[in-house]
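Asks:
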Amino acid sequence: MRRERRGRGIRGPLTPGELPMTRTRAQLFDELVFDAVERLERRWARELASVEFTVENVPQVPPGITGEDGIPFSRLEGTHGGRKARIVIYRRPVEIRTREPEEMAALVYDSVVEEVANLLGLEPETIDPDA
6 MRRERRGRGI RGPLTPGELP MTRTRAQLFD ELVFDAVERL ERRWARELAS VEFTVENVPQ
66 VPPGITGEDG IPFSRLEGTH GGRKARIVIY RRPVEIRTRE PEEMAALVYD SVVEEVANLL
126 GLEPETIDPD A
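In our numbering, the protein residues as written are 6 to 136.
1. What's the gap between the Cα of V118 and the Cα of L81?
2. If you compare alpha carbons, which of T103, V56, V60 and A50 is closest to G83?
3. Can you check which of these residues, F58, E128 and R44, is closest to R96 by C-alpha distance?
4. Please determine, among S116, V93, I92 and R28, the residue with the shortest C-alpha to C-alpha distance to R102.
5. Just list the alpha helix (DSSP H) runs in the segment 80 to 122, keeping only unbroken ones of 4 residues or longer that don't cross its boundaries, in chain order.
6. So is V63 buried or exposed if we call it buried at 16+ other beta carbons inside 10 Å?
7. Starting from V56 and walking both ways along the beta strand (DSSP E), at which residues does that stretch end?
8. Measuring straight from C-alpha to C-alpha, what distance separates I94 and G86?
9. Is V99 near L45, with beta carbons less than 8 Å apart?
10. Can you check whether the C-beta of F39 is within less than 8 Å of a C-beta belonging to chain B?
11. Specify, as a first and last residue, the run of the alpha helix (DSSP H) that D35 falls within.
12. If I measure Cβ to Cβ from V60 and keep anything under 7 Å in the same chain, skipping five residues before and after, which residues do I get?
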């Protein structure tokens with residue numbers, strides 16, 4: 006609640022916090038990644054148990070790389086120094102290249118499948134034959 010201004014009474018949120026309208030784009034994107042990982046874990050639970058999935062806004066692109074060279078949607082960080090394997094999905098490149106929520110969900114899922122395939126040394130079609 007905010008303080009009363011100009012005699013209009015106490016102001017509060019227009020919608021309850023649990024409605025989709027109040028979620029940010031970042032929160033919606035996090036849910037897409039979570040759904041993609043959950044879908045893969047049904048079949049690959051043991052292999053993915055030691056993998057950390059994260060979301061970052063944008064990748065760190067080296068100087069000289071342009072949009073034509075391809076900005077990545079995701080990155081795989083292998084295990085080293087006792088660290089878990091980590092798959093990073095980049096939110097902004099995916100958002101920029103998609104127009105519809107269904108298209109964004111498909112691109113997120115494809116990116117997760119591709120990185121899991123790279124991690125396990127398999128083809129993406131092996132990870133998810135239905136995709």
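No residue lacks a Cβ here, since even glycine has one placed at the ideal position from N, Cα and C.
Nothing here was measured: the structure is a model prediction, and the numbers come from that model.
Replies: Put simply:
1. Mapped onto the sequence shown, residue 118 falls at position 113. Mapped onto the sequence shown, residue 81 falls at position 76. Between V118 and L81, the C-alpha separation is close to 11 Å.
2. Translated into positions along the sequence shown, residue 83 becomes position 78. When each option's Cα is compared against that of G83, the closest is V56.
3. Sequence index remark: in the sequence shown, residue 96 carries index 91 (1-based). Here the closest residue by C-alpha is F58.
4. Taking the first residue of the sequence shown as 1, we reach residue 102 at position 97. Checking every option, the nearest Cα to that of R102 belongs to S116.
5. 96 to 102
6. For this step, residue 63 is matched to residue 58 along the sequence shown. Counting Cβ neighbours within 10 Å, V63 comes out exposed, since fewer than 16 surround it.
7. On the sequence shown, position 51 is the one that residue 56 refers to. It spans V56 to E61 - the beta strand (DSSP E) in which V56 sits, taken as one unbroken run.
8. For the purposes of this step, residue 94 is identified with residue 89 of the sequence shown, where counting begins at 1. For the purposes of this step, residue 86 is identified with residue 81 of the sequence shown, where counting begins at 1. Computed Cα separation, rounded: 22 Å.
9. Within the sequence shown, the letter at position 94 stands for residue 99. Within the sequence shown, the letter at position 40 stands for residue 45. For V99 and L45, no; Cβs fall outside 8 Å.
10. In summary, chain B is missing from the structure at hand, where a single protein chain is found.
11. If you number the sequence shown from 1, residue 35 lands on position 30. Start and end: R30 to L53.
12. Within the sequence shown, residue 60 is the residue found at index 55, counting from 1. Only F34, D35, V38, I94 and R96 meet the Cβ criterion.
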